[in-house]
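Peer 1:
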Amino acid sequence: MKGYSSSSLLISSYGLNPKDFYKDVTKILVVSHNGKGHFKTIQAAVDSVPSGNTNWIKIYLRHGTYNEKVVIPKEKEKIIMHGNNAAKVVIQYNDAGVSNSSGPFIVNAQYFVAIKITFKNTNTKMTPKIPYPAIKVAPAVILTADKAWFYGCSFISVQDTVADSSGRHYFKNCYIEGAIDFIWGRGQSIYQNCVIYVKGVIPKAKVNEEGVLDGCITAQGRESEEDTSGFVFNNCVIEGDGKAYLGRAWRAYSRVIFYGTQMSNVVVPQGWDPMNHQGQEDKFTYAEVNCTGEGADMKGRVGWEKKLSAKDVKSLIDFKTFIDEDGWMATLPSSIVSLYSPSSINF
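Residues in the sequence shown are numbered consecutively from 1, following full-length UniProt numbering.
Right, dumping it as structure tokens:
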């Protein structure tokens, strides 16, 4: 049985429940290390997707650790990659040094969906306190295309973990771990119900009073007032064993919003850092709304953090107005929309 099939017989033969097969998916591929699938590597399955593809194709990953570098080319749109259990399906690779090409997973195509997969860059050893000299730019995932959706996934590295480079993206129920600029780029994205874990770093030079180097969660790259990009964190949790700023300005109009987020004491009192844009702080859009926890204490916060109107807050945290104004999310397979759709926003 070569290539593709959408029959329940094929799904059952690989140990899958037919109910797991999305009715809008026209083809299914199974990847398995032990040969009980169509392919033994993820990249081989991706390569088999026709260029110019216009139908949803699902790549089902059987449990295992896949040591490979996977690239989704621009011409291979509408891929769903389903791992079923992020603790048991891991895509990892040891690759560091280049922020826009290193790492185990690169998405260059529009309309990409990932469900319950761990993406891990193994370059830096994930010790409780990571030596600063050992840290390199090491993304776990790089997103260069529009319209990507992640549900129940984990992203693990130290620096530049999620390269949210460009395009509109939605993350729900995800886990993101790192120490320095570990969610960065010019993306226009919503992170909903996610856990943000700050790793501790052994100091090299200037350190805080606890002897741990202050890291940074975000480094967002909005470049002008007209630029629609920005990162929105809705109902997330910030925890960890390190210390970090909520964000620093990678570009002069950097925009990051934390809404209804629980912040532990890993957040440094200042909250935000101008990076190389001191004197231009009035251009940043950094805001915290309805956040709780020790790290949300506003005493010690920088004076230039924005106070947004309720209207502005709603337009940013509502997926329909911030990342889905053209309705692309409703064009995903109907079962994904119904099972993993964003929560409604109430004010």
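We treat Cβ as the ideally placed atom computed from N, Cα and C, and that holds for glycine.
Please go through the same chain and pick out, in chain order, the residues whose beta-carbon is closer than 8 Å to the beta-carbon of residue 355, but skip the five residues on each side of it.
Peer 2: The requested residue 355 does not occur in the structure, where the chain is confined to residues 1 to 347.
Peer 1: With a threshold of 8 Å, are at least 3 pairs of Cβ atoms found where one atom belongs to the segment 263-280 and the other to the segment 241-254?
Peer 2: Segments in contact, yes.
Peer 1: What whole-angstrom Cβ distance do alanine 96 and serine 102 have, given they're in contact under 8 Å?
Peer 2: Numbered from 1 along the sequence shown, position 96 holds the residue referred to as residue 96. Numbered from 1 along the sequence shown, position 102 holds the residue referred to as residue 102. Contact flag correct, Cβ pair sits at about 5 Å.
Peer 1: Is valine 141 closer than 7 Å to valine 113 when the C-beta atoms are compared?
Peer 2: In the sequence shown, the residue the question calls residue 113 occupies position 113. In the sequence shown, the residue the question calls residue 141 occupies position 141. Their beta carbons are not under 7 Å apart, which means valine 113 does not touch valine 141 by this criterion.
Peer 1: Does leucine 143 come out as helix, strand or coil in the three-state DSSP assignment?
Peer 2: Working through the sequence shown from its first residue, we reach residue 143 at position 143. Strand.
Peer 1: Flag this pair as touching only if the segment 292-299 and the segment 316-328 have three or more C-beta atom pairs under 8 Å; answer yes or no.
Peer 2: The segment 292-299 is not in contact with the segment 316-328.
Peer 1: How long is the line joining the alpha carbons of aspartate 146 and glycine 52, rounded to whole angstroms?
Peer 2: As a working note, residue 146 is residue 146 in the sequence shown. As a working note, residue 52 is residue 52 in the sequence shown. Approximately 16 Å, taken between the alpha carbons.
Peer 1: What distance in whole Å lies between the Cβ atoms of isoleucine 72 and isoleucine 79, which are believed to be in contact at a cut-off of 8 Å?
Peer 2: As a working mapping, residue 79 is identified with position 79 in the sequence shown. As a working mapping, residue 72 is identified with position 72 in the sequence shown. Correct: roughly 6 Å between the Cβ atoms.
Peer 1: Whole angstroms are fine: how far does the CA of lysine 172 sit from the CA of serine 154?
Peer 2: Stepping through the sequence shown from its first residue, residue 154 is reached at position 154. Stepping through the sequence shown from its first residue, residue 172 is reached at position 172. Distance between the alpha carbons of serine 154 and lysine 172 is about 11 Å.
Peer 1: Quick check: what's the CA-CA separation for alanine 45 versus tyrosine 60?
Peer 2: Position 45 of the sequence shown, counted from the first residue, corresponds to residue 45. Position 60 of the sequence shown, counted from the first residue, corresponds to residue 60. Whole-angstrom Cα-Cα distance: 10 Å.
Peer 1: Taking only three categories from DSSP, how would you classify lysine 206?
Peer 2: Counting from one through the sequence shown, the residue named residue 206 turns up at place 206. Here the model assigns lysine 206 a pLDDT of 48, short of 50, so the residue's position is not dependable, and the following value carries that caveat. The answer is coil: DSSP assigns lysine 206 none of H, G, I, E or B.
Peer 1: Just reading off the beta strand (DSSP E) that glutamine 188 is part of, what are its end residues?
Peer 2: Stepping through the sequence shown from its first residue, residue 188 is reached at position 188. From DSSP, the beta strand (DSSP E) with glutamine 188 extends over 188-192.
Peer 1: How many angstroms separate the CA atom of threonine 118 from the CA atom of isoleucine 91?
Peer 2: To locate residue 118, count along the sequence shown from 1; it is residue 118. To locate residue 91, count along the sequence shown from 1; it is residue 91. Near 6 Å, if we compare the C-alpha coordinates of isoleucine 91 and threonine 118.
Peer 1: Nearest-angstrom Cα distance between residue 357 and serine 309?
Peer 2: The structure shown has nothing for residue 357, since the chain only spans 1 to 347.
Peer 1: I believe glutamate 68 touches threonine 41 by the beta-carbon criterion, under 8 Å. Please report the beta-carbon distance rounded to the nearest angstrom.
Peer 2: Counting from 1 along the sequence shown, the entry for residue 68 is found at position 68. Counting from 1 along the sequence shown, the entry for residue 41 is found at position 41. Their Cβ separation, rounded to whole angstroms, is 6 Å, which keeps glutamate 68 and threonine 41 in contact under 8 Å.
Peer 1: Quick one: Cα of lysine 36 to Cα of valine 232, how far?
Peer 2: Stepping through the sequence shown from its first residue, residue 36 is reached at position 36. Stepping through the sequence shown from its first residue, residue 232 is reached at position 232. For lysine 36 and valine 232, the distance between alpha carbons rounds to 41 Å.
Peer 1: Straight-line CA distance for glycine 64 to asparagine 123?
Peer 2: Here residue 64 refers to the residue found at position 64 of the sequence shown. Here residue 123 refers to the residue found at position 123 of the sequence shown. Near 19 Å, if we compare the C-alpha coordinates of asparagine 123 and glycine 64.
Peer 1: Helix, strand or coil, according to DSSP, for phenylalanine 284 in the structure here?
Peer 2: In the sequence shown, the residue the question calls residue 284 occupies position 284. Correct three-state label for phenylalanine 284: coil.
Peer 1: Could you please give the first and the last residue of the uninterrupted beta strand (DSSP E) stretch that includes residue 348?
Peer 2: The structure shown does not extend to residue 348, since the chain is modelled only from 1 through 347, so no value can be given for it.
Peer 1: Taking Cβ positions, are tyrosine 175 and valine 195 nearer each other than 7 Å?
Peer 2: By 1-based counting over the sequence shown, the position of residue 175 is 175. By 1-based counting over the sequence shown, the position of residue 195 is 195. Their beta carbons are under 7 Å apart, which means tyrosine 175 touches valine 195 by this criterion.
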